[in-house]
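Since the structure comes first, as structure tokens, the remarks are kept for the end.
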Ligand code: SF4
Ligand code: SF4
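Numbering (the working numbering), first residue to last: 136 to 415.
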């Protein structure tokens, strides 16, 4: 069952507001200009009745409906949400009700796939954070949840649920690796060789990953000529390969479409790379 509320609202002392507004620059982070954001959240709370009366469509980085939810200014979120208005959804006043109601980040989707104990451990990593630090994508929990569900589960299990050393032991995932490029290889290595092996072989992983990217860029020239002539190109994420491997093709090799017969070749090249890393 989906349990998104606890990642968005983990406790009474903080909340996440990263996805507001849904049309903002995706690189914008709640820790940029904290003082300015704080003033804006305070003012939006104070001026809510006036803002509702003069409702204007939002246009970019900020939304007049985003404000502190409590007098103590601990939680921040949507002041127009139906839960605050006896079931009336006022988000349409900003012009983006549909986007707002359907905003769901990757981290929340991964979190929803964890069991209750795993979720509790995840939230224990953020106990001392305020809403700004919690919402930031530099929050180690959010950075962990950018990885595949299997990797998140593996890391939580490996950690013995020790939150005090978590960032020191597993920070390599976001400090030295990139889930878009390394998601597939890192998970395979961790599953076959263990998390310790992965941690101790990061240089080899990135070296062989970069070599694999060079090979993947040439993959079309390794296909039989008729495979290119007779087969239409399909989006990379629809190839018969794991989704995490398709991200390496897209973000590493800049391959967004390939003929279907490429799948076998990609899997075999990737397997050879894995074997080299595991034997190194
Ligand atoms: S960014 Fe994700 S976790 Fe944060 S409020 Fe939006 S859906 Fe919830
Ligand atoms: S209307 Fe509410 S949910 Fe939508 S962007 Fe504004 S604060 Fe966020």
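Every residue gets a Cβ at the ideal spot worked out from N, C-alpha and C, and that includes glycine. As the structure is a computational prediction, the values presented were derived from the model and not from experiment.
- Under the three-state reduction of DSSP, residue 212 is assigned to strand.
- Rounded to the nearest whole angstrom, the C-alpha separation of residue 315 and residue 252 is 27 Å.
- Judged by DSSP secondary structure, residue 370 falls outside any alpha helix (DSSP H) and instead within the beta strand (DSSP E) spanning 368-370.
- Residue 354 places its beta carbon less than 7 Å from that of residue 397.
- Between the beta-carbon of residue 371 and that of residue 384 there is about 5 Å, and that keeps the pair under the 8 Å contact cut.
- Counting along the chain, residue 326 sits inside the alpha helix (DSSP H) bounded by residues 314-328.
- For residue 203, the enclosing beta strand (DSSP E) starts and ends at 201-203.
- Per DSSP, residue 345 has no beta-bridge partner at all.
- Here residue 318 is buried, its C-beta having at least 16 other C-beta atoms within 10 Å.
- Nearest to residue 214 by C-alpha distance, out of 238, 226, 208 and 243, is 226.
- Nearest Cα to residue 200 within the set 263, 286, 343 and 187: 187.
- Inclusion of residue 266 and residue 207 in the CB contact set at 7 Å is not warranted, their separation being larger than that value.
- In this structure, the beta-carbon distance from residue 143 to residue 270 does not fall below 7 Å.
- Relative to ligand 2, the beta carbon of residue 200 is positioned inside 6 Å of a heavy atom.
- Remark: the C-beta of residue 327 is outside contact range of ligand 2, defined as less than 6 Å to any heavy atom.
- Here residue 218 carries a helix assignment [DSSP, helix/strand/coil].
- Apart from sequence neighbours up to five positions away, the residues of its chain that approach residue 307 with a beta-carbon distance below 7 Å are 334 and 337, ordered along the chain.
- Counting the other Cβ atoms within 10 Å of the Cβ of residue 171 gives fewer than 16, which makes it exposed.
- Near ligand 1, residues with a Cβ at less than 7 Å from any of the ligand's heavy atoms are 139, 142, 143, 151, 152, 153, 154, 238, 239, 240, 242, 243 and 270; the list follows chain order.
- With respect to the 7 Å criterion, residue 292 and residue 259 are not classified as neighbours on the basis of their beta carbons.
- For residue 173, the CB stays at least 6 Å from every heavy atom of ligand 2.
- Assignment of residue 394 by DSSP, reduced to helix, strand and coil, places it in the strand class.
- The beta carbon of residue 305 lies closer than 6 Å to those of 290 in the same chain, with the five residues before and after it left out.
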